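There are 2 protein chains.
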Amino acid sequence: MGHSAEQPIDNFQASLQDSFPIGTKGIWAEHKDNGRYSLIEEEISLPTAVILQSAVDHNIHWMQAFADKHQVKLCPHGKTSMTPYLFKKQLEQGAWGMTIATPAQAEIAALTGAKRIIMANQLVGKANMAEVIRLQSSFDVKFYCSVDSALNVQQLSAFFAERGQQVNVFIELGVDGGRCGVRGIEAATDLARLIHQLPGTALAGVEVYEGVISGDDTETRVRQFIAETVEFARSLKDQGLIDTKEAIVTGAGSAWYDVVAETFSQYTDLLPVIRPGCYLTHDTGIYEVAQKKVMARAKKNHGIACHLDGDLKNALEVWACVVSTPEPGKALIGMGKRDASYDAGLPIAERGFRNGIPIDVTGLSATAVMDQHTFVDVPADCDLLVGDVIAFSTSHPCLTFDKWRYIALADDNYIVEHWLPTQF
Amino acid sequence: MGHSAEQPIDNFQASLQDSFPIGTKGIWAEHKDNGRYSLIEEEISLPTAVILQSAVDHNIHWMQAFADKHQVKLCPHGKTSMTPYLFKKQLEQGAWGMTIATPAQAEIAALTGAKRIIMANQLVGKANMAEVIRLQSSFDVKFYCSVDSALNVQQLSAFFAERGQQVNVFIELGVDGGRCGVRGIEAATDLARLIHQLPGTALAGVEVYEGVISGDDTETRVRQFIAETVEFARSLKDQGLIDTKEAIVTGAGSAWYDVVAETFSQYTDLLPVIRPGCYLTHDTGIYEVAQKKVMARAKKNHGIACHLDGDLKNALEVWACVVSTPEPGKALIGMGKRDASYDAGLPIAERGFRNGIPIDVTGLSATAVMDQHTFVDVPADCDLLVGDVIAFSTSHPCLTFDKWRYIALADDNYIVEHWLPTQF
Chain A
1 MGHSAEQPID NFQASLQDSF PIGTKGIWAE HKDNGRYSLI EEEISLPTAV ILQSAVDHNI
61 HWMQAFADKH QVKLCPHGKT SMTPYLFKKQ LEQGAWGMTI ATPAQAEIAA LTGAKRIIMA
121 NQLVGKANMA EVIRLQSSFD VKFYCSVDSA LNVQQLSAFF AERGQQVNVF IELGVDGGRC
181 GVRGIEAATD LARLIHQLPG TALAGVEVYE GVISGDDTET RVRQFIAETV EFARSLKDQG
241 LIDTKEAIVT GAGSAWYDVV AETFSQYTDL LPVIRPGCYL THDTGIYEVA QKKVMARAKK
301 NHGIACHLDG DLKNALEVWA CVVSTPEPGK ALIGMGKRDA SYDAGLPIAE RGFRNGIPID
361 VTGLSATAVM DQHTFVDVPA DCDLLVGDVI AFSTSHPCLT FDKWRYIALA DDNYIVEHWL
421 PTQF
Chain B
1 MGHSAEQPID NFQASLQDSF PIGTKGIWAE HKDNGRYSLI EEEISLPTAV ILQSAVDHNI
61 HWMQAFADKH QVKLCPHGKT SMTPYLFKKQ LEQGAWGMTI ATPAQAEIAA LTGAKRIIMA
121 NQLVGKANMA EVIRLQSSFD VKFYCSVDSA LNVQQLSAFF AERGQQVNVF IELGVDGGRC
181 GVRGIEAATD LARLIHQLPG TALAGVEVYE GVISGDDTET RVRQFIAETV EFARSLKDQG
241 LIDTKEAIVT GAGSAWYDVV AETFSQYTDL LPVIRPGCYL THDTGIYEVA QKKVMARAKK
301 NHGIACHLDG DLKNALEVWA CVVSTPEPGK ALIGMGKRDA SYDAGLPIAE RGFRNGIPID
361 VTGLSATAVM DQHTFVDVPA DCDLLVGDVI AFSTSHPCLT FDKWRYIALA DDNYIVEHWL
421 PTQF
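Heads up: the sequence lines are chains A and B, in that order. First residue of the first sequence: 1, per the UniProt record's numbering; consecutive thereafter. First residue of the second sequence: 1, per the UniProt record's numbering; consecutive thereafter.
Given below as structure tokens:
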């Protein structure tokens, strides 16, 4: 294994005076002595992904305040951004730990300073287990992963016990028709006994992902599922099956974190942990829709989300140029599947500029996307020209982040001094 | 600008003895002295993207032979892989140059040794133009880009002439309802006169992308469009509007390269260049379908494709583990939108292994994909277990490549000694 686990991350951000990998898209600019590059003035090669600093800072504060007021721990899902600079900000603002999806992501969380890491997924495969062995040996970190089968528990226990280690596991409870997770409390209790009994696994609590629940009356079903989850965690504790100091109960993506936190906060005998990820940059698509529902529920229930500073804001954009206007009513943008997410809606034009001056982009509508192009319908009264610069928001954020090795960090005037390395 | 344009790429491949960036997925393995890591024996962390060396070598030869026999130049579209190791192989086997989509990609092509670079897209935006200025100043390279509007031609000429340079441009011809490109020969001829007349632009020929033609009787329409394209290029030459030594005519993605090459090869007064990209690794989805049509046309027309060594082979896979079997008939794979393309069909199970022994994966069918998971329907007679390793092919290749910073290069026994860095 070529890279050193012990070397902490120190390149949280880079300026154009630093050395970039060759050919990295979105980081070319002609040198300026002041190191300040204007997106509006076209001083940075496009397309480029942009983090709006004030919005991302606001969101980090907002969700931490939400968790603090509910007396639940915030363990943000880092898979969204995989951006050490943002992990560090989340931890500095009070995050209890970082959630991740894979051992490779866990390493980034550890190197960024997380002391508690929840891998909200099953740890499967010898090389992946070996990576966690190394993580636990190299870092002062508590690692947790999910299990939902006796076979995986046996595999984990054998692997970790043989190497003189234990791995902390959560039982993942699932729902019929859902994703991973044990179906039913009886099977889950049997699994708890096995974990408790085997030498290489330590039962640390219960994990769920309520985001797979959909259909009619989702809110009621989510509340019910979370209540069952908490009851199950308490029963494990009562039966003496929890092997760690604290019995953790953990759930919540960025759509139902309010419902999960409300339910969790009714119990003081467990350590409740929520794991939203997409709140970090939010979006103008599926998470905007979900957050509107959060705010509507808060208004109805006098929930805490109403009493915080404002609301989540979109903090992630892709800036790109109009490259062609080949037919009336049609424009092509120099941005495609290689640059922006397209799995939950196409990019949305937020702002436009021509030679540094704002232009109206109202009514522009993306209709299709190819590897390096986006097709846009242009209203008759819009005089879009080749070379116009447009800032697009996207849906959902995870799949915009993973298209970029460096993301420009912009102030409120769209001036960029630093680029944030991602670690996908 | 932080990176040095003059430093050639020398890290075409990396072994696990080399230093990898931290947290890079798919490259963890416990050290082996012989440096040979078995995918089947789970010696590499999964998921990981895998290039099958013999298949990719075969495909590179195959397409070069196809182009050579048609006496057309092959300028492979590098955007597919953005993998310098593979660019180098394509150039070594006889490619005339590299095609790319953006100035950042052009830099990689130049650093890999390409002497001719076709940017089969419009060059728009001051920072992007500045990057090409730098490229032309730093490398012994001929750069060409496409134009389809007078405004872009004026922008380019002003920018390049002010800096004492010229940029070679192709007029892109488009089709009604298509993507970029001038609509109609009259407008295209006007544009040619403008290019010829302005100081910063040099007209080098005509570029098309016939891949946007679809619907009824596509083949006839493609043939007609390519014939018109060639006639237009000849008329530009006849009118003395071509500013470069040779008049180039260029087209062809990986679906219609046979039709394009056949038409091109009927003319000897132009330099014909085809630009397929996805043939490199091929796939088992949309390009397999397209290639079957190529072979069917060749059979019917006694085409050259029938007289080459075999056919294109899939050379790109993502290997991943079964992480959960939560309900009868359902399995979850530890591979998702972060790891494999999903825009033109979901991943397809090709082979399976359990503890190093082959298992049958016939009938497995991916039904949905999330960021880090793939849902698979499992036939009743298939006993898939947590921990089983499955090799998946994908569709289409470009969007699997761009998920990875390193791709494992495997021999026919699925042994990996080197990882190939990508440069997205």
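Built from N, CA and C at the ideal position, the CB exists for glycine as well. Computed from a prediction, not measured in an experiment: that's the story for all the values here.
If you compare alpha carbons, which of the options is closest to residue i?
i	options	result
Thr394(B)	Val376(B), Gly345(B), Gly184(B), Lys313(B)	Gly345(B)
Arg275(B)	Lys25(B), His196(B), Lys79(B), Ser54(B)	Lys79(B)
Cys306(B)	Val369(B), Leu74(B), Lys292(B)	Lys292(B)
Ala187(A)	Ile117(B), Ser45(B), Glu327(B)	Glu327(B)
Ala114(A)	Ala127(A), Ala104(A), Met98(A), Gly125(A)	Met98(A)
His58(A)	Arg338(A), Gln136(A), Asp411(A)	Asp411(A)
Ala366(A)	Glu417(A), Glu350(A), Arg223(A)	Glu350(A)
Trp319(A)	Leu308(A), Leu312(A), Gly336(A)	Gly336(A)
Leu312(A)	Phe87(A), Pro199(A), Val369(A), His61(A)	His61(A)
Ala127(B)	Phe401(A), Gly387(A), Ala391(A), Leu420(A)	Gly387(A)
Cys75(A)	Ala252(A), Asn34(A), Leu236(A)	Ala252(A)
Check for me: the alpha helix (DSSP H) holding residue i runs from which residue to which?
i	result
Phe375(B)	It is not in any alpha helix (DSSP H) - Phe375(B) instead sits in the beta strand (DSSP E) that spans 374–377.
Glu288(A)	286–301
His282(A)	His282(A) -> no alpha helix (DSSP H), and no H or E assigned at all.
Gln64(B)	53–70
Tyr144(A)	Looking at the DSSP string, Tyr144(A) is not in any alpha helix (DSSP H); the run it does join, the beta strand (DSSP E), is 142–147.
Ser157(A)	150–162
Ala104(B)	103–111
Phe87(A)	84–92
Are the beta-carbon atoms belonging to residue i and residue j less than 8 Å from one another?
i	j	result
Ile248(A)	Leu270(A)	yes
Ala101(A)	Met129(A)	no
Ser324(A)	Leu399(A)	no
Ala296(B)	Thr244(B)	no
Asp261(B)	Ala65(B)	This sequence places Ala at residue 261(B); Asp is not what is there. Result no, Cβ atoms of Ala261(B) and Ala65(B) do not sit closer than 8 Å.
Val208(A)	Glu172(A)	yes
Ile415(A)	Arg36(A)	yes
Trp404(A)	Glu131(B)	no
Asp283(B)	Pro397(B)	yes
Cys278(A)	Val389(A)	no
Glu161(B)	Gly200(B)	It is Ala, not Glu, that sits at residue 161(B) in the sequence shown. Cβ distance < 8 Å, so Ala161(B) and Gly200(B) count as in contact.
residue 428(B)	Gly26(B)	Nothing about residue 428(B) can be read from this structure; chain B reaches only from 1 to 424.
Arg354(A)	Leu385(A)	yes
Leu194(B)	Ala150(B)	yes
Count the other CB atoms within 10 Å of the CB of residue i; is the residue buried (16 or more) or exposed (fewer)?
i	result
Asp258(B)	buried
Ile357(A)	exposed
residue 430(A)	For chain A, the structure presents residues 1 to 424; residue 430(A) sits outside this window and is missing.
Phe20(A)	buried
Phe424(A)	buried
Thr220(A)	exposed
Glu6(B)	Caution is warranted here: a pLDDT of 48 is assigned to Glu6(B), below 50, making its placement in the model unreliable, and the coordinate value is therefore given only provisionally. Looking at its Cβ environment, which holds fewer than 16 other Cβ atoms inside 10 Å, Glu6(B) is exposed.
residue 434(B)	Because chain B in this structure spans residues 1 to 424, residue 434(B) falls outside the shown range and cannot be described.
Asp383(A)	exposed
Ala380(A)	exposed
Glu246(A)	exposed
Gly285(B)	buried
Along the beta strand (DSSP E) that carries residue i, what are the first and last residues, could you check?
i	result
Tyr406(A)	406–410
Val322(B)	316–327
His418(B)	415–421
Thr99(A)	98–100
Gln122(A)	116–122
Pro397(A)	No beta strand (DSSP E) holds Pro397(A); DSSP gives it neither H nor E.
Ile133(B)	Per DSSP, Ile133(B) belongs to no beta strand (DSSP E); it is in the alpha helix (DSSP H), 126–138.
Ile333(A)	330–333
Asn355(B)	Premise fails: Asn355(B) is in no beta strand (DSSP E) and is neither H nor E.
Phe392(A)	389–393
Thr367(B)	365–369
Val386(A)	Looking at the DSSP string, Val386(A) is not in any beta strand (DSSP E), and its letter there is neither H nor E.
Phe170(B)	167–172
Note to self: Could you tell me which whole beta strand (DSSP E) segments of length 3 or greater appear in the segment 196–272 of chain A?
What the structure shows: 201–207, 248–251
Item checked: Runs of beta strand (DSSP E) lying entirely within the segment 31–55 of chain B, each at least 3 residues, in chain order -> 48–52
Check: Can you list, in chain order, the residues of the segment 290–307 of chain B whose Cβ is nearer than 7 Å to any Cβ on chain E?
Finding: Annotation note: the requested chain E is absent from the structure, which comprises protein chains A and B.
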